[in-house]
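Notes for the one structure printed next.
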Amino acid sequence: MSGMGKVESARNVEYSYIRSGPPPRLRWNGGKMPGIGVITNQRARMHKLYPRLKNRLSFIVGRGGDVAATRSLDDAERAMQEFRDAEVDILAISGGDGTAHRTIEIMLKVYAGAAPPPILLLPSGTQNMVPASFGIRRGSTATLLATIARYRHNVPIPVIRRNVLKVNEHFSFMFSLGVAPRFLEKYYAGRTTPAGAAQLLASYALDGIRHGQRSAALFARSEGEMRVDSGRAQPINIAALFCSFVEELALRFRLFPRAGWDVNVFESVLVHGTPLQVARALPWLWAGSRRPLSGIQRFLASEIDLVLENPEVYTLDGEVYPATRHFSISAGPELRFVVPGFRFRRIDRRLRTDRIGPWEMRYLV
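In our numbering, each residue carries its 1-based index in the sequence shown increased by 2.
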């Protein structure tokens, strides 16, 4: 998950339990645990910088749930199974975007055939594009505190309804091919901070304006055939393809302003222009403009089938995956995401929102 960026394989997540010994058995209300279940990734950026963060989260949750920081994906699945058996009201995930998508994959497996609980994303990774797209810009402790306060006082909490992408056998919020994986290789090899990302992006943009070799290599072409929804397969020659169910990229680039409008419909961005054209478009892409842009094609879709002439590495929520030729991209299940401090803005009027709660009165003190 977040924190490593090797091309040869998706990054493995290393978890570690807060408690020593075997995973705790949850025993509330005769075996049921109404409350918030938290899964943390100890290799996420904030957890490595502040090793006691998991203890803070555990203190905040108190008797209102449980915190499990697991050592492997198998342990994460076991913790998820315990949370399902305990019937938690909210599932919280502490980590970056990579942690979120791998944990959600486990959740969909464990909850197969049953409705999963609402998900609270606690931003604490190298990349936190998904919670930022939902309006969660504060840290993990502040976000959890805001949720716990409403939950303990039985105050309904806003949620955003959003699909996830299904890309081959994986589930994620965002898929990218071409420019993005190449950029992330350089990013993960340097300063994995917002300032480092901004500096790297600026250097590539300047090189593109100068028609330099670095930007030309970043924009190397991929050829193949692509079919959108029920249309016919069309030949493509592109520098990048993005598909997303969330609005923002890193550095608050609002590249997908229509991503959350309709159920089962994601927004795609196909880049076929030059580095100079993309550099000129960056201010409009950052602002979330829907105006036509030279060298860039944007469209809505429910399904994309892509076959490349040569295998290419790709990314899912910032995770770099091994090269392959065939991509089957479609809308996955619709999930509910908790946004404790959500406030409607004009640009949010088409979002699909709801509320969870009130729950049974428990008066946790």
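Glycine is no exception: its CB is placed at the ideal position from the N, C-alpha and C atoms.
Per-residue burial, residue i [other beta carbons within 10 Å of its own, 16 or more giving buried]
| i | result |
| --- | --- |
| S246 | buried |
| V265 | exposed |
| K56 | buried |
| I349 | exposed |
| D68 | buried |
| P360 | exposed |
| V157 | exposed |
| S74 | exposed |
| A78 | buried |
| E107 | buried |
| A81 | buried |
| P342 | buried |
| L253 | exposed |
| E171 | exposed |
| V300 | The question names Val, but residue 300 in the sequence shown is Arg. When all chains shown are included, R300 counts as buried. |
| R338 | buried |
Short Cβ contact (9 angstroms threshold) for residue i with residue j
| i | j | result |
| --- | --- | --- |
| H213 | A241 | no |
| F177 | I331 | yes |
| L251 | M109 | no |
| T326 | E314 | yes |
| S126 | G141 | yes |
| R104 | E321 | yes |
| L353 | I162 | yes |
| A182 | F244 | yes |
| L318 | V169 | yes |
| L295 | L287 | yes |
| S224 | N239 | yes |
Distance between residue j and residue i (C-alpha atoms, nearest Å)
| i | j | result |
| --- | --- | --- |
| I41 | S205 | 37 angstroms |
| K188 | N165 | 30 angstroms |
| T194 | V248 | 21 angstroms |
| G98 | Q129 | 5 angstroms |
| L59 | I150 | 11 angstroms |
| L154 | V340 | According to the sequence as given, residue 154 is Arg; it is not Leu. Cα to Cα, the separation comes out at about 15 angstroms. |
| R292 | L203 | 22 angstroms |
| F344 | P133 | 11 angstroms |
| A88 | T101 | 22 angstroms |
| D91 | A148 | 16 angstroms |
| L124 | P53 | 16 angstroms |
| I306 | G66 | 42 angstroms |
| S232 | R282 | 33 angstroms |
| A71 | A197 | 29 angstroms |
| P259 | A144 | 26 angstroms |
| F175 | S135 | 11 angstroms |
| I38 | A222 | 46 angstroms |
| P324 | R351 | 38 angstroms |
| Y316 | W263 | 25 angstroms |
| L284 | Q215 | 19 angstroms |
| D76 | R347 | 41 angstroms |
| E84 | T355 | 28 angstroms |
| G64 | Q201 | 41 angstroms |
| N43 | S96 | 6 angstroms |
For residue j and residue i, believed in contact at Cβ under 8 angstroms, the rounded distance
| i | j | result |
| --- | --- | --- |
| V280 | G210 | 7 angstroms |
| G297 | T276 | 6 angstroms |
| I138 | L93 | That belief does not hold up - the Cβ atoms of I138 and L93 are roughly 15 angstroms apart, past 8 angstroms. |
| I357 | P160 | Correcting the residue identity first, residue 357 is Arg in this sequence and not Ile. The Cβ separation is near 6 angstroms, so the contact holds. |
| R86 | Y113 | 6 angstroms |
| L208 | F185 | Between F185 and L208 the Cβ distance is about 14 angstroms, and since that is not below 8 angstroms, they are no contact. |
| G334 | L167 | 6 angstroms |
Close beta carbons around residue i, own chain, < 6 angstroms, minus the five adjacent residues each side
| i | result |
| --- | --- |
| A235 | E227, R229 |
| R256 | E249, E250, G290 |
| K111 | none |
| F329 | L308 |
Close beta carbons around residue i, own chain, < 7 angstroms, minus the five adjacent residues each side
| i | result |
| --- | --- |
| A261 | S246, F247, V248, E249, F268, E269 |
| L146 | L59, I62, A94, L124 |
| P237 | E227 |
8 angstroms Cβ shell around residue i - same chain, five flanking residues per side excluded
| i | result |
| --- | --- |
| S304 | D231, N266, V267, F268, S332, A333 |
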